[in-house]
Amino acid sequence: MTLPVRHDSMRARNLGVVLDAVRRGGPQTRAALAERTGLTKSTVSKLAGDLIEAGMLAESGPARAGERGRPGVEVVLSGDRVAALGCEVNVDYLAVCLLDLAQRVRFTRRRGQDNRGKPAKRVLAQLRTLAVEAMAEARRLGLDVAGAGLAVSGPVADGVLLTAPNLGWRDVGAVDLLGLPVETTLGNEASLAALGELWFGAGGQDFLYVSGEIGIGAGLVVGGELFHGTRGLAGELGHVVVSPDGPRCRCGGAGCLETAAGQEAILTAAGDVATVAELLARLENDDELAVKACGEAARALGIALTSTVNLLDLDRVVLGGIYAPLFGWLAPPIERVLADRLVKLRSTPPTLTASQLGGQAATLGAAGLVVHQVLADPTRFLPR
1 MTLPVRHDSM RARNLGVVLD AVRRGGPQTR AALAERTGLT KSTVSKLAGD
51 LIEAGMLAES GPARAGERGR PGVEVVLSGD RVAALGCEVN VDYLAVCLLD
101 LAQRVRFTRR RGQDNRGKPA KRVLAQLRTL AVEAMAEARR LGLDVAGAGL
151 AVSGPVADGV LLTAPNLGWR DVGAVDLLGL PVETTLGNEA SLAALGELWF
201 GAGGQDFLYV SGEIGIGAGL VVGGELFHGT RGLAGELGHV VVSPDGPRCR
251 CGGAGCLETA AGQEAILTAA GDVATVAELL ARLENDDELA VKACGEAARA
301 LGIALTSTVN LLDLDRVVLG GIYAPLFGWL APPIERVLAD RLVKLRSTPP
351 TLTASQLGGQ AATLGAAGLV VHQVLADPTR FLPR
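Going by UniProt numbering, the sequence shown opens with residue 1, and the numbers climb by one from there.
As structure tokens, this is what we get:
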């Protein structure tokens, strides 16, 4: 039996259709929106009026200034009313980002600190302090925070961080402990960073995003959509074995990629360098030990990526996290490994690029997730 569609459900869907059309197509007249969406001009006009009143769209001026006749007025996404909050807790920092509906960053804050071995409740309370600061800035700007995304360095399910070996956390109710007064969505850091690259970077519609931090994660984007896996646990590239007889990993295994190409492994191999900034300075001065450390990490990463490319038939790999500033030293040896190991199966290895989002990829992805939820269903933010 086919059930009738409720009027309010149809209106909610059509509002989302109009917003998404503006997001994808940029400034458009109501007539152009009617043609693009298949809705009638009168319906589009009414929906656009409601969205303008709600502060989600704004009129940007005549579409054909200077032409004869009465030009149509274009509408664009407006960032003057609704915003989203992106939060991240990683091994050695906390970060927040405030993003408006037009996908402009309105506020960021990042605090470097070692979170290993600290109680999750305490660390998430510190993150909440940064989030509250961001929400106060939103109020000052006249923005309503629609929701929050929380990025964590480990696999997640149903609002729970299942395990984070580098933090020493297991089965942590991260959303509840963060305790924000808005609906909060929990996600893996690398997966959300991949979404950040998709929406704000230059990854394209199909790519593998590799997040190099103290741990190593990955997010796979296929056809413009994040691949989650059967249980939402896809992307644990850091625990792909690259040397079966290698050192023990915090996950309990041995020879994982993380032990050879994670941030700590590289800094230690470079001569117990304290920070990535110091490592970069040594690399720029052609320090032999630093160059060797990056080369060894790159070869291990190349081996892991070879298996991934063989399995998934990838054409693009984006390196993020600390791998982005180290790209100039990592890319050549990675590309050599890929070329040597893939030559019999592929005419060319995948394109390797560095993320341009810096340390904001995960928080941008977390906030962008909420923005896209609002764009899909804006009804709860419309005036009653």
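We treat Cβ as the ideally placed atom computed from N, Cα and C, and that holds for glycine.
Proximity of residue i and residue j at Cβ, strictly below 8 angstroms
{"i": "G217", "j": "E183", "result": "no"}
{"i": "V241", "j": "G253", "result": "yes"}
{"i": "L57", "j": "N14", "result": "no"}
{"i": "L85", "j": "M135", "result": "yes"}
{"i": "V89", "j": "V145", "result": "no"}
{"i": "A298", "j": "L237", "result": "no"}
{"i": "C294", "j": "I266", "result": "yes"}
{"i": "V222", "j": "G320", "result": "no"}
{"i": "residue 385", "j": "I334", "result": "Limits of the chain in this structure are 1 at one end and 384 at the other, which puts residue 385 out of reach."}
{"i": "A324", "j": "G302", "result": "no"}
{"i": "L51", "j": "V18", "result": "yes"}
{"i": "A131", "j": "C97", "result": "no"}
{"i": "L94", "j": "L127", "result": "yes"}
{"i": "G219", "j": "G201", "result": "no"}
{"i": "G187", "j": "A157", "result": "no"}
{"i": "E53", "j": "V75", "result": "no"}
{"i": "A300", "j": "L257", "result": "yes"}
{"i": "A269", "j": "R282", "result": "no"}
{"i": "R110", "j": "V91", "result": "no"}
{"i": "G229", "j": "P244", "result": "no"}
{"i": "T306", "j": "R336", "result": "no"}
{"i": "T379", "j": "A12", "result": "yes"}
{"i": "G212", "j": "I322", "result": "yes"}
Residue i - partner residues in DSSP beta bridges
{"i": "A95", "result": "E88 and R110"}
{"i": "T353", "result": "V318"}
{"i": "D100", "result": "A83"}
{"i": "V371", "result": "None, per the DSSP bridge assignment."}
{"i": "residue 389", "result": "Summary: the structure shown does not reach residue 389, with the chain confined to residues 1 through 384, and so no result is reported for it."}
{"i": "V105", "result": "L99"}
Cβ separation of residue i and residue j, assumed to be a contact under 8 angstroms, to the nearest whole Å
{"i": "G195", "j": "G49", "result": "Here the sequence assigns Leu to residue 195, which means Gly is not the residue at that position. In fact, because the Cβ distance is near 31 angstroms, the residues do not count as touching under 8 angstroms."}
{"i": "T185", "j": "G147", "result": "7 angstroms"}
{"i": "V318", "j": "G142", "result": "Rounded, the Cβ-Cβ distance is 35 angstroms, inconsistent with contact."}
{"i": "L162", "j": "G149", "result": "So it is not a contact: roughly 18 angstroms between Cβ atoms."}
{"i": "R316", "j": "T353", "result": "7 angstroms"}
{"i": "residue 416", "j": "R81", "result": "The requested residue 416 is not part of the displayed model; the chain covers only 1 to 384."}
{"i": "E296", "j": "A260", "result": "7 angstroms"}
{"i": "A102", "j": "A138", "result": "Contact doesn't hold; Cβ gap of about 14 angstroms is too wide."}
{"i": "V172", "j": "A120", "result": "5 angstroms"}
{"i": "H362", "j": "L208", "result": "The residue you asked about is not His; residue 362 is Ala in the sequence shown. Rounded, the Cβ-Cβ distance is 16 angstroms, inconsistent with contact."}
{"i": "A21", "j": "T37", "result": "5 angstroms"}
{"i": "D377", "j": "G16", "result": "6 angstroms"}
{"i": "K41", "j": "A32", "result": "With 8 angstroms as the limit, K41 and A32 do not qualify as a contact, their Cβ atoms being about 10 angstroms apart."}
Hey, which unbroken runs of the beta strand (DSSP E) at 3 residues or more fall wholly within the region 214-291?
As far as the region 214-291 is concerned, its whole beta strand (DSSP E) runs of at least 3 residues are 216-222 and 225-227.
Taking only runs of the beta strand (DSSP E) that begin and end inside the region 136-223, which ones reach a length of at least 3 residues, in chain order?
144-152, 160-164, 169-172, 184-188, 207-212 and 216-222, all fully within the region 136-223.
Could you tell me which uninterrupted alpha helix (DSSP H) segments, each at least 4 residues in length, are contained entirely in the region 29-82, listed from first to last along the chain?
At a cut-off of 4 residues, the continuous stretches assigned as alpha helix (DSSP H) that sit fully inside the region 29-82 are 30-37 and 41-53.
Is the number of C-beta pairs between the region 306-313 and the region 270-284 that are closer than 8 angstroms three or more?
A contact is defined here as three or more CB-CB pairs under 8 angstroms, and the region 306-313 fails this definition with respect to the region 270-284.
Does the region 366-380 come within contact of the region 194-208, defined as at least 3 CB pairs closer than 8 angstroms?
They touch, by the three-pair rule.
Does the structure place the region 162-169 close enough to the region 104-113 that three or more beta carbon pairs sit under 8 angstroms?
At 8 angstroms Cβ cutoff, the stretches do not touch.
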